[in-house]
Amino acid sequence: VGYKITNDFTFISQLGVGSYGTVKLAVNNSTGEKVAIKIARGTTSVDMLKSEAEILKDIESAYFPKYVDYKIEIEQNRAYLIMEYIEGDSLDQYLASNLRLEETLATKFLITLVRAIDLLHSKGIVHRDIKPQNVMITAAGELKLIDFNISKRICTSGRNSVDESSTC
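Reminder that position 159 of the sequence shown reads as 250 in the working numbering, one-by-one numbering, no gaps.
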């Protein structure tokens with residue numbers, strides 16, 4: 092009758108749970124590729140996930156997880172954001188397991204994070220939830236900013252000014 096996520100993907104494990112949904116590790120049944128799938132239920136969460144999907148689609152960059160697809164199961168009022176699976180640790184996990192963060196590595200992480208934020212702002216997007224849990228460090232040592240569920244598009248009313256009362 093409608094779309095069924097289990098026709099295309101096999102769920103492997105749960106990666107995280109938040110107030111707006113669950114993130115699971117899955118494998119694409121056709122390609123064998125590992126992906127992360129964020130699952131939202133209920134009208135508000137589904138609407139927020141759609142907004143997150145649109146933002147991820149718009150900000151294609153090495154600083155963020157790659158957008159793969161967005162699917163809806165209408166009968167269950169459930170939505171799925173399918174994105175790149177980032178193998179690695181969150182910054183808070185990394186800091187907890189490493190007693191010391193070398194200055195050069197801290198500088199690299201900070202510069203990368205500032206560049207990611209600058210790219211978002213250049214596209215009129217404010218993340219609104221930057222914290223160590225939302226910064227991933229890949230197995231290759233690269234940094235990626237994740238979790239855009241409460242991000243907003245901000246309309247600019249003129250050069251170098253932001254109209255905080257309106258979102259796009």
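Note that CB positions come from ideal geometry on N, CA and C, so glycine has one too.
Endpoints, the alpha helix (DSSP H) within which Ala187 is located:
Within the sequence shown, the letter at position 96 stands for residue 187. Unbroken alpha helix (DSSP H) run through Ala187: 182 to 188.
I need the DSSP call for Ala131, collapsed to helix, strand or coil.
If you number the sequence shown from 1, residue 131 lands on position 40. Looking at Ala131 - three-state DSSP - the assignment turns out to be strand.
Write down the C-beta distance between Leu192 and Leu186 rounded to the nearest angstrom, noting that I regard them as a contact closer than 8 Å.
The residue given as residue 192 occupies position 101 in the sequence shown. The residue given as residue 186 occupies position 95 in the sequence shown. Contact holds; Cβ gap of about 7 Å.
DSSP three-state label for Lys214, please.
By one-based count along the sequence shown, residue 214 stands at place 123. Lys214: coil per DSSP, three-state reduction.
Report buried or exposed for Ser256, applying the criterion of at least 16 other Cβ atoms within 10 angstroms of its Cβ.
Residue numbering aside, residue 256 sits at position 165 when the sequence shown is read from its first letter. At Ser256 the pLDDT is 47, less than 50, meaning the model places this residue with poor confidence and gives no usable figure here.
Output the boundary residues of the alpha helix (DSSP H) element that contains Asn120.
The residue you call residue 120 lines up with position 29 of the sequence shown. Careful: Asn120 lies outside any alpha helix (DSSP H) and carries neither H nor E.
Between which residues of its own chain and Lys148 is the CB-CB distance below 7 Å, once the five residues before and five after are set aside?
Looking up residue 148 in the sequence shown gives position 57. Around Lys148: Tyr158.
Judging by CA-CA distance, which residue of Arg244, Lys243, Ile96 is the nearest neighbour of Ile163?
What you label residue 163 is simply residue 72 of the sequence shown in a count that begins at 1. Comparing Cα positions, the closest option is Ile96.
How about Met139 and Ile177: are their beta carbons less than 8 Å apart?
As a position in the sequence shown, residue 139 is number 48, starting the count at 1. As a position in the sequence shown, residue 177 is number 86, starting the count at 1. No. Outside cutoff.
N-terminal and C-terminal residue of the beta strand (DSSP E) that Asp160 is part of:
Here residue 160 is taken as the residue at index 69 of the sequence shown, counted from 1. Per DSSP, Asp160 belongs to the beta strand (DSSP E) from 158 to 164.
How is the beta strand (DSSP E) around Ile96 delimited, first residue to last?
Here residue 96 refers to the residue found at position 5 when the sequence shown is read from its first residue. From DSSP, Ile96 is part of no beta strand (DSSP E) but of the alpha helix (DSSP H) over 96 to 99.
Using CA atoms only, rank isn't needed, just tell me which of Gln184, Ile146, Leu182, Ala131 is closest to Val108.
On the sequence shown, residue 108 is found 17 positions in, with the first residue counted as 1. Minimum Cα distance to Val108 is reached at Ala131.
According to DSSP, is Leu192 helix, strand or coil?
Counting from 1 along the sequence shown, the entry for residue 192 is found at position 101. The answer is coil: DSSP assigns Leu192 none of H, G, I, E or B.
If we count the other Cβ atoms within 10 Å of its Cβ and call it buried at 16 or more, is Leu211 buried or exposed?
For the purposes of this step, residue 211 is identified with residue 120 of the sequence shown, where counting begins at 1. The residue in question, Leu211, is buried, as its Cβ has 16 or more Cβ neighbours within 10 Å.
Using DSSP with H/G/I as helix, E/B as strand and the rest coil, what is Arg169?
Numbered from 1 along the sequence shown, position 78 holds the residue referred to as residue 169. In the structure shown, Arg169 sits in a strand (DSSP, three-state: E or B).
Can you name, in chain order, every residue of its own chain whose Cβ lies under 6 Å from the Cβ of Gly179, other than the five neighbours on each side?
For the purposes of this step, residue 179 is taken as the residue at position 88 of the sequence shown. Excluding residues within five positions, the ones whose Cβ falls inside 6 Å are Met227, Ile228, Thr229, Ala230.
Indicate whether Lys214 and Ile173 have their beta-carbon atoms separated by less than 8 Å.
Counting from 1 along the sequence shown, the entry for residue 214 is found at position 123. Counting from 1 along the sequence shown, the entry for residue 173 is found at position 82. No, they are not a contact pair.
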